[in-house]
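For reference, the structure is listed below as structure tokens.
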Amino acid sequence: MKDFTNQIERMIQVKINKEKVKDIAIRALKTFIQAFLSAISVDALFGVTDFDNLKKVLISILIAATAAGISAVWNMAQDMLRTYFAGKGAGTMSFDAFIKKYLGKATDYDGSCEAQCVDLIKMYFKYVLGIIPKAIGNAHAYFDNFALHAFLNKNFVRIKNSPKFVPMKGDVCVWSKKMNKYGHVAIATGEGNTSYFDSVDMNWGSKEARYITHNYDYFLGVLRPIDRTNIDGLKLCRVKKAVNVRRGPGTNFKRVYFHEFTAYQQEQVLANNGKAANNDFPKGMLVEVYETKGSWYKISETEEMWVHKNYVNQLG
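The opening residue of the sequence shown carries number 3 in our numbering; numbering runs sequentially from there.
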């Protein structure tokens, strides 16, 4: 309790966003009401025959609900302090360490509505990506309302699902509200193909985080983290001017032509208004950098495909 009081005093000493305080109050009240209503049941009140016993039951319910409300306030207060004093979340865990820690557990990050799929995503934002998570609505809103949230636009690239698309390790996967009114979110492991992919999900069949194999039904696409330091260390870049692809780090290496691109690369060339006949990567195309040699970037994990760094901009 002393630690909690000290944290609150620190918050009072700094200029705090009024909307954030309002958000904390509303979410704490909602958590209290939800905990109170969930605790009231026929079983809890069954057999209460006198006023004294009824008081004891109601007091125990109020204690449980109050504890849930305090837990919600505590988590959000911690996030506010990190925002003001550090500028970002912890971001100290590797992707693999995070999955190992939370796999098999049902964790209610914000103390609201028990363990939900978005709780796993918020913890992933905070502990792996170093991003302070914010409430944005139901799960599908991470994709559908992406443009409305500056913190998402700053830290992720939104990629729409397509016939040749396969999620990368660390992608935040999002499902449509056509599946259910909430949608769903999970974290891609990097395993999969155009027929299926694997992810770590919470509240999919069970509350606990588990490995799940999905098809692409109702799948909207992904939010791809720009800072991949704690995932795989790759650089994420966007082509700023049409660029030839080479078989090695230099213009003396043979070009790679359109028919030699991967199916997804071909799809993205056309999606970015490129032409097969040009045999290049057009402006706007997203690429991942797996290796650097001098002024050249290797943009494929398995193939010898290289572009000059002057033709791409590193994101972030």
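Just so it is clear, CB atoms sit at the ideal spot from N, CA and C, and this is done for glycine as well.
Coil, strand or helix - residue i by DSSP
{"i": "residue 90", "result": "Only weak support is given to the placement of residue 90: the predicted model assigns it a pLDDT of 42, under 50, and the question is left unresolved by the model."}
{"i": "residue 129", "result": "helix"}
{"i": "residue 317", "result": "coil"}
{"i": "residue 401", "result": "Past the edges of the chain, shown from 3 to 318, lies residue 401, and the structure says nothing about it."}
{"i": "residue 110", "result": "coil"}
{"i": "residue 209", "result": "coil"}
{"i": "residue 85", "result": "Model confidence at residue 85 stands at a pLDDT of 42, short of 50, so the residue's coordinates are unreliable and nothing is read from them."}
Extent of the continuous beta strand (DSSP E) to which residue i belongs
{"i": "residue 295", "result": "293-295"}
{"i": "residue 203", "result": "199-203"}
{"i": "residue 142", "result": "No beta strand (DSSP E) holds residue 142; DSSP gives it neither H nor E."}
{"i": "residue 311", "result": "Looking at the DSSP string, residue 311 is not in any beta strand (DSSP E), and its letter there is neither H nor E."}
Residue j beta carbon less than 8 Å from that of residue i
{"i": "residue 269", "j": "residue 166", "result": "yes"}
{"i": "residue 285", "j": "residue 251", "result": "no"}
{"i": "residue 222", "j": "residue 158", "result": "no"}
{"i": "residue 244", "j": "residue 260", "result": "no"}
{"i": "residue 200", "j": "residue 194", "result": "yes"}
{"i": "residue 297", "j": "residue 310", "result": "yes"}
{"i": "residue 314", "j": "residue 236", "result": "no"}
Terminal residues of the alpha helix (DSSP H) in which residue i lies
{"i": "residue 278", "result": "Element bounds for residue 278: n/a, residue is neither H nor E."}
{"i": "residue 104", "result": "97-104"}
Opposing strand residues paired with residue i [DSSP bridges]
{"i": "residue 64", "result": "Partner(s): none; residue 64 has no beta bridge."}
{"i": "residue 289", "result": "239"}
{"i": "residue 121", "result": "Note: residue 121 sits in no beta bridge, so no partner."}
{"i": "residue 192", "result": "Residue 192 is not bridged to any residue."}
Item to check | beta strand (DSSP E) segments (min. 3 residues) lying fully within the stretch 215-268 | outcome: The qualifying runs are 221-227, 237-241.
Checklist entry - Could you give the uninterrupted runs of the alpha helix (DSSP H) lying entirely in the stretch 144-189, keeping only those of 4 residues or more? => result 152-157
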